[in-house]
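Under my numbering, the residue at position 102 of the sequence shown is numbered 1304, and the numbers go up by one with no gaps.
Idealized CB from N, CA, C, for every residue including glycine.
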Amino acid sequence: MLILRSFRPGGGEPSYSPFCVKAMCLLEMSGMDWRPRWETMPNGPYRHLPALETPDGVIGDSNLILSWLEAQGAPMFPGFDATARAMAHMTIRTVEESLRHALTTQRWVDDAGWHHTKPTLFGAMPAPVRAVLPELFRGKVRKGLHWQGFTRLSESDRMAWVGADLDALEGVLGDGDWLFGDRPSAADCAAVPFLSMMNGHPVDTPLRRALRSRGRLMDYVARGRSQLYPEVSSLLSVAA
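See below:
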């Protein structure tokens, strides 16, 4: 039995972290037996989650988890030739190294989003810790986004950036059910959680509106949640 160290469910998602949900989808796709172990702090080899406990040791990153599952023979890119595999790699990077900044800004930087993120992530902590730690983490996240450059952009320029990424995803999807053909792949396991969390954000934002204006992507999110996600209620029944 593989053990996935993950942040708990939140915001209608199997985990509040899109990277943890990605790992869950990869594990579901692999067909291997696994269960989550809920963590409050990022307890992994690289001090972030997810982290997968395997017979070969703890795998401490969602993309390293993907590589490990492939090494076990799991078909994460079924039927892909070298070109399709390269395109899938670049698509995953677009989601995780570009759209990620938009989702993080929506949750951690915008005050209305932080109003929901704070209790979701930190509400179960003891009161003395809860009084200090959330703002400490928020400050680090805000500083990171500033130095990365995303939050230095005006809102209109940020949305132009995000719109180009969403258009690119919609272009890759085309009229198909999945990003690369008629079967889901690891690329879908990466993309669906980010898009789903953008759509499920409880505050009306330009980012949420931009996604909801793209009907094919919205249909894709619904399809991905239905076919790739583990059952949230069964995950919640697992003891911490």
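Check your understanding: So who's on the other strand from Glu1255, going by DSSP bridges?
Key -> Ile1205, Val1260.
Review point. When burial is assigned at 16 or more other CB atoms within 10 Å of the CB, is Ser1387 buried or exposed?
Key: With 16 or more other Cβ atoms within 10 Å, it is buried.
Review point. Cβ atoms of Cys1227 and Tyr1422: under 8 Å apart, would you say?
Key: Not in contact: Tyr1422 and Cys1227 (Cβ atoms no closer than 8 Å).
Check your understanding: Should Ala1441 be labelled buried (16 or more other beta-carbon atoms within 10 Å of its own) or exposed?
Key -> Residue placement at Ala1441 is poorly supported in this model, since its pLDDT is 49, which falls under 50; the coordinates still yield a value, given next. With fewer than 16 neighbouring CB atoms inside 10 Å of its own CB, Ala1441 falls in the exposed class.
Check your understanding: Which same chain residues, not among the five before or five after Met1289, have their C-beta less than 8 Å away from its C-beta?
Key -> The beta carbon of Met1289 sits closer than 8 Å to the beta carbons of Val1374, Phe1382 from its chain, once the five residues preceding and following it are set aside; these are given in chain order.
Check your understanding: Thinking just about the alpha-carbon of each residue, which of Val1334, Gly1426, Met1203, Asp1367 is nearest to the one in Ala1304?
Key -> Closest in alpha carbon position to Ala1304, among Val1334, Gly1426, Met1203, Asp1367, is Asp1367.
Review point. Can you tell me whether Arg1369 is buried or exposed, with buried defined as 16 or more other CB within 10 angstroms of its CB?
Key: Checking the sequence, you will find Asp at residue 1369 rather than Arg. Taking every protein chain shown into account, the CB of Asp1369 has fewer than 16 other CB atoms within 10 angstroms, so this residue is exposed.
Check your understanding: Quick one: what does DSSP say Pro1216 is sitting in, helix, strand or coil?
Key -> DSSP places Pro1216 in coil when its eight states are reduced to three.
Exercise for review: Using three-state DSSP, classify Arg1239 as helix, strand or coil.
Suggested key: Three-state DSSP puts Arg1239 in a strand.
**Study point:** 8 Å Cβ cutoff met for Ala1392 and Ile1294
**Key:** Contact flag set, yes.
Exercise for review: Would you list the residues sitting across from Trp1143 in a DSSP beta bridge?
Suggested key: Residue 1143 is absent from the structure shown; the chain starts at 1203 and stops at 1442.
Practice item. Can you grab the Cα-Cα spacing for the pair Gly1233 / Arg1354, in whole Å? Key: Their backbone Cα atoms lie some 43 Å apart in a straight line.
Check your understanding: Is Phe1221 closer than 8 Å to Glu1241 when the C-beta atoms are compared?
Key -> Result no, Cβ atoms of Glu1241 and Phe1221 do not sit closer than 8 Å.
**Study point:** Contact check, Arg1239 vs Ile1261, beta carbons under 8 Å
**Key:** Contact: no.
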